[in-house]
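Visitor:
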Amino acid sequence: MWKWLLGIGIILFLSCAGGAFWAYDTGKIQQLREKFDPSAKVTEVRTEPTIKGDLVRTVSAPGQIEPDIKVQISSQVSARITELPFKGGELVKKGTLVVRMDDRDLKAALDQSRADLTGEQARLDGAKATLANAAIDLGRKRELFSTNDVAKMVLDQAEADFLRAQANVKSSEAGIEAAQARIRRAERDLENCTVYAPFDGTVTKVSAEVGELVLVGTMNNAASVIMEIADLSNMLMKARVDESNISPIELGQTAKIFINAFPNREFAGTVRRIIPQRQVERDGTAFFEVEIAVTIPEGVALKQGLTSNADIAVQTLKDVIKVPSQAIVDRAIDELPRAVVDGSPHIDRAKKFARVVYMLDGGKVKSVPVAVGASDLTTTVILAGLTDQDNVITGPAKVLIAIKDGQTAKIMSDKKPADGSKPKAETEPDAPGQN
26 MWKWLLGIGI
36 ILFLSCAGGA
46 FWAYDTGKIQ
56 QLREKFDPSA
66 KVTEVRTEPT
76 IKGDLVRTVS
86 APGQIEPDIK
96 VQISSQVSAR
106 ITELPFKGGE
116 LVKKGTLVVR
126 MDDRDLKAAL
136 DQSRADLTGE
146 QARLDGAKAT
156 LANAAIDLGR
166 KRELFSTNDV
176 AKMVLDQAEA
186 DFLRAQANVK
196 SSEAGIEAAQ
206 ARIRRAERDL
216 ENCTVYAPFD
226 GTVTKVSAEV
236 GELVLVGTMN
246 NAASVIMEIA
256 DLSNMLMKAR
266 VDESNISPIE
276 LGQTAKIFIN
286 AFPNREFAGT
296 VRRIIPQRQV
306 ERDGTAFFEV
316 EIAVTIPEGV
326 ALKQGLTSNA
336 DIAVQTLKDV
346 IKVPSQAIVD
356 RAIDELPRAV
366 VDGSPHIDRA
376 KKFARVVYML
386 DGGKVKSVPV
396 AVGASDLTTT
406 VILAGLTDQD
416 NVITGPAKVL
426 IAIKDGQTAK
436 IMSDKKPADG
446 SKPKAETEPD
456 APGQN
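Written out as structure tokens, the structure is:
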């Protein structure tokens, strides 16, 4: 009988021990403790060590990729297009014919201007002959008048004829100049009927068709644009820098350019020009245009108008202590422990908030006030409060929002259990000493 009772006791003992081990291994005991004793709750956190190195502060700006050199071929004469040898996307060499227009009317106008010049020259010859005769007649009349052989009225008439002849000569000379100007204009118009590529480039756009009538521009109406030619071998990014960020931008600064069409590439650039005129977007945002010369790797062809974004390096800080930016949080000073507030030179008691990071000290959360410097968005410089390789709590974000001094915490394990369950937390070693 007693053997039977002993066996049952052993079985019950092993069952209880196994259940206890299972509860411990799966965290059930801890869950029960947290349920009935909130102070026993353990928060799981991620930590990262501070890093000592360089930090590059950047200014980000959106923009577009544009050719460095781009020209619009517009009409200089009113005529119909008779020839367009190239289409959009084709390469052209400097001096190659790209547009030809109907020049028949302009040739006729040139012939007419030349005929007008011949007529004006004939009129000038006649006016000069008349002037010569008037001068002779005036001299004769003056001699006769000096001997009282003619009346004063006769002399006055001779003088008037002479002056009239002089005016006719000047008028004919002006007519010749006008005729010569019309010839020059007609010759220029005739030359403008043929347009040649001003440089080696690519036809990026053709806006007209053969047979279309193109017009000369006026004060109120722009000239007809026939095509656009650009040098796509030299490209730049026209970045729109917010007016609040324009102050540190300088010529020669380097930039990293990211183009949407090349998601896995990073292009180098250099600030080449800063347009000093403030501009305003449609939504009212003010910006300054900054031109960044783009370095194009061999084998890469950039197209006009590509959407891009630039990170312009405006400041480089050497050998500084950095932490992930999300590790730095603002806390109300009156929520921090009095010992932390009184013992830190990095808290301005005239303000309501202080910047702190959180660390683990003996498994407990501890706030550390810090003085921060420049940031590159992902990391921030710590001017004082931390040393190299200090471990700071960096997440999860929802934990950082509510974390408090004295809270019990463990580090999240990166190891994935074989059964696919969530990783268990590990206890954080004591934090190193602080500045």
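Residue numbers (the working numbering): 26 to 460. Virtual Cβ for every residue (Gly too), placed ideally from N, Cα, C.
Taking 8 Å as the threshold (C-beta atoms), are residue 424 and residue 274 in contact?
Guide: Against a cut-off of 8 Å, the Cβ pair of residue 424 and residue 274 comes out as no contact.
Visitor: Identify the continuous alpha helix (DSSP H) that holds residue 187 and give its terminal residues.
Guide: Taken as a continuous stretch (DSSP letters only), the alpha helix (DSSP H) holding residue 187 covers 177 to 216.
Visitor: Return yes when the Cβ of residue 417 is within less than 8 Å of the Cβ of residue 73, no when it is not.
Guide: Yes; because the gap between Cβ atoms is below 8 Å, this pair is in contact.
Visitor: Which residues mark the beginning and the end of the beta strand (DSSP E) in which residue 283 is found?
Guide: Looking at the DSSP string, the run of the beta strand (DSSP E) that includes residue 283 is 279 to 284.
Visitor: Quick one, which of 384, 278 and 400 has its alpha-carbon nearest residue 436's?
Guide: Checked all of 384, 278 and 400; the closest Cα to residue 436 is 384.
Visitor: Pull up the distance between the alpha-carbon of residue 280 and that of residue 87, whole angstroms please.
Guide: Whole-angstrom Cα-Cα distance: 12 Å.
Visitor: In terms of residues, what are the limits of the alpha helix (DSSP H) holding residue 154?
Guide: Run containing residue 154: 129 to 171, per the alpha helix (DSSP H) assignment.
Visitor: Can you list, in chain order, the residues of its chain with a C-beta nearer than 6 Å to that of residue 249? Leave out the 5 residues immediately preceding and following it.
Guide: Contacts found: 100, 239 and 240.
Visitor: Rank 251, 257, 179 and 294 by C-alpha distance to the C-alpha of residue 235 and give the top, closest one.
Guide: Cα-wise, what sits closest to residue 235 is 251.
Visitor: Find the nearest neighbour of residue 161 within the set 186, 146 and 148, judged by alpha-carbon distance.
Guide: Closest option to residue 161, Cα to Cα, is 186.
Visitor: Under 6 Å Cβ to Cβ from residue 461, same chain only, skipping five residues before and after it: list those, please.
Guide: No information on residue 461 is available, as it lies outside the stretch 26 to 460 that the chain covers here.
Visitor: Should residue 432 be labelled buried (16 or more other beta-carbon atoms within 10 Å of its own) or exposed?
Guide: Buried, by the Cβ-count rule.
Visitor: Would you say the segment 369 to 378 touches the segment 392 to 405, given that touching needs at least three Cβ pairs under 8 Å?
Guide: Yes, they touch.
Visitor: Extract the residue ranges of the alpha helix (DSSP H) inside the segment 353 to 412, only unbroken runs of 4 or more that lie entirely within it.
Guide: Runs of the alpha helix (DSSP H) inside the segment 353 to 412: 363 to 368.
Visitor: Give the DSSP bridge partners of residue 333, in chain order.
Guide: DSSP lists 88 and 284 as partners of residue 333.
Visitor: Could I get the ranges of all uninterrupted beta strand (DSSP E) runs contained in the segment 223 to 257, with 3 residues as the minimum, in chain order?
Guide: Counting whole runs of 3 or more residues, the segment 223 to 257 contains the beta strand (DSSP E) stretches 226 to 231 and 250 to 255.
Visitor: If you pair each beta-carbon of the segment 111 to 126 with each one of the segment 175 to 186, do three or more pairs fall below 8 Å?
Guide: No: the two stretches stay apart, fewer than three of their Cβ pairs being nearer than 8 Å.
Visitor: Pull up the distance between the alpha-carbon of residue 282 and that of residue 92, whole angstroms please.
Guide: So the two alpha carbons sit approximately 15 Å from each other.
Visitor: If you follow the alpha helix (DSSP H) that residue 96 is part of, which residue opens it and which one closes it?
Guide: First-last for residue 96: 95 to 99, but that is the beta strand (DSSP E), not the alpha helix (DSSP H).
Visitor: With 16 as the cutoff for other CB atoms within 10 Å, does residue 174 come out buried or exposed?
Guide: Burial call: exposed.
Visitor: So which of 165, 82 and 103 has the shortest CA-CA distance to residue 405?
Guide: Closest by alpha carbon: 82.
Visitor: With residue 276 as the anchor, note down where its beta strand (DSSP E) starts and where it stops.
Guide: Per DSSP, residue 276 belongs to no beta strand (DSSP E) and is neither H nor E.
Visitor: Could you spell out where the alpha helix (DSSP H) holding residue 119 opens and where it closes?
Guide: Residue 119 -> no alpha helix (DSSP H), and no H or E assigned at all.
Visitor: Which residues bound the alpha helix (DSSP H) around residue 423?
Guide: Unbroken alpha helix (DSSP H) run through residue 423: 422 to 427.
Visitor: Give the range of the beta strand (DSSP E) segment to which residue 434 is assigned.
Guide: Residues 434 to 437.
Visitor: Name the two residues that bound the continuous beta strand (DSSP E) containing residue 306.
Guide: Looking at the DSSP string, residue 306 is not in any beta strand (DSSP E), and its letter there is neither H nor E.
Visitor: Using 8 Å as the Cβ pair cut-off and three pairs as the minimum, do the segment 400 to 414 and the segment 343 to 352 touch?
Guide: Taking 8 Å as the limit for Cβ pairs, the verdict is that the segment 343 to 352 does touch the segment 400 to 414.
Visitor: Tell me where the beta strand (DSSP E) around residue 261 begins and ends.
Guide: Run containing residue 261: 260 to 267, per the beta strand (DSSP E) assignment.
Visitor: Across which residues does DSSP place residue 104 in a beta bridge pair?
Guide: Its beta-bridge partners are 239.
Visitor: Going by the DSSP bridge assignment, what does residue 349 pair with across the sheet?
Guide: 404.
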